[in-house]
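Written below as structure tokens is the structure these notes are about.
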Amino acid sequence: MKLISVQIPEAYMNGLDELVNYGYFPNKSEAIRSAIRDMLKNELGGFRSLRNEGISEKIR
-11 MKLISVQIPE
-1 AYMNGLDELV
9 NYGYFPNKSE
19 AIRSAIRDML
29 KNELGGFRSL
39 RNEGISEKIR
């Protein structure tokens, strides 16, 4: 896994904190990974070989 740094609006951080506090996710990192995974599934149709970006795997 790669570590990245992003700037997130405070309202988004508050929402992430709520999801973690309600037990939907164990931590904010997992919530963000889940959101990215869902976005990729939605935008890419669930499956895609992203060899240009160095990723060659099924998005689950």
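Residues -11 to 48 in this note's numbering are what the sequence shown lists, from first letter to last.
For each residue, glycine too, the CB sits at the ideal point set by N, CA and C.
| Asked | Found |
| --- | --- |
| Spatial neighbours of Ala19 in its chain, beta-carbon cut-off 6 angstroms, leaving aside the 5 residues before and after | Leu4, Leu7 and Phe13 |
| Candidates Lys16, Tyr10 and Gly11: closest to Ile(-4) by CA position | Lys16 |
| Assigned secondary structure, Tyr12 (DSSP; H/G/I helix, E/B strand, else coil) | coil |
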